[in-house]
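*Asks:* In my numbering, the protein residues as written are 15 to 83.
We put the CB at the ideal spot given by N, CA and C, even for glycine.
Structure provided below as structure tokens; questions to follow.
What follows is the structure, given as structure tokens:
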């Protein structure tokens, strides 16, 4: 499975002086929450969600940690 976008942690490390706007943070949080909900509705759980996993596109990385329920 290919990964989409850059990891947020990588962006923060490379651009420490740049702050994300509140609207950007909320957009990424909402998109990440939707991605987790979509996984759950498909019958999977993500067993390793952590701060570094969301991508700038709002997707969730590390699908290898997903298991069917």
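1. Name the residue from 57, 63 and 44 whose alpha carbon lies nearest to the alpha carbon of residue 36.
2. Can you grab the Cα-Cα spacing for the pair residue 21 / residue 57, in whole Å?
3. If you run the structure through DSSP and keep just helix, strand and coil, what is residue 84?
4. Does DSSP put residue 29 in a helix, a strand or coil?
5. Between residue 54 and residue 46, what straight-line distance do the alpha-carbon atoms span, to the nearest angstrom?
*Replies:* Looking at the atomic coordinates:
1. Reading the chain shown from its first residue, position 22 is the one you call residue 36. Among 57, 63 and 44, the Cα nearest to that of residue 36 belongs to 44.
2. In the chain shown, residue 21 corresponds to position 7, counting from 1. In the chain shown, residue 57 corresponds to position 43, counting from 1. Computed Cα separation, rounded: 25 Å.
3. Past the boundaries of the shown model lies residue 84; the chain is included only from 15 to 83, so the question cannot be answered.
4. Start at 1 with the first residue of the chain shown, and residue 29 comes out as number 15. Note: residue 29 maps to coil in three-state DSSP.
5. Residue 54 sits at position 40 when you count from the first residue of the chain shown. Residue 46 sits at position 32 when you count from the first residue of the chain shown. Distance between residue 54 and residue 46, taken at the CA atoms: about 13 Å.
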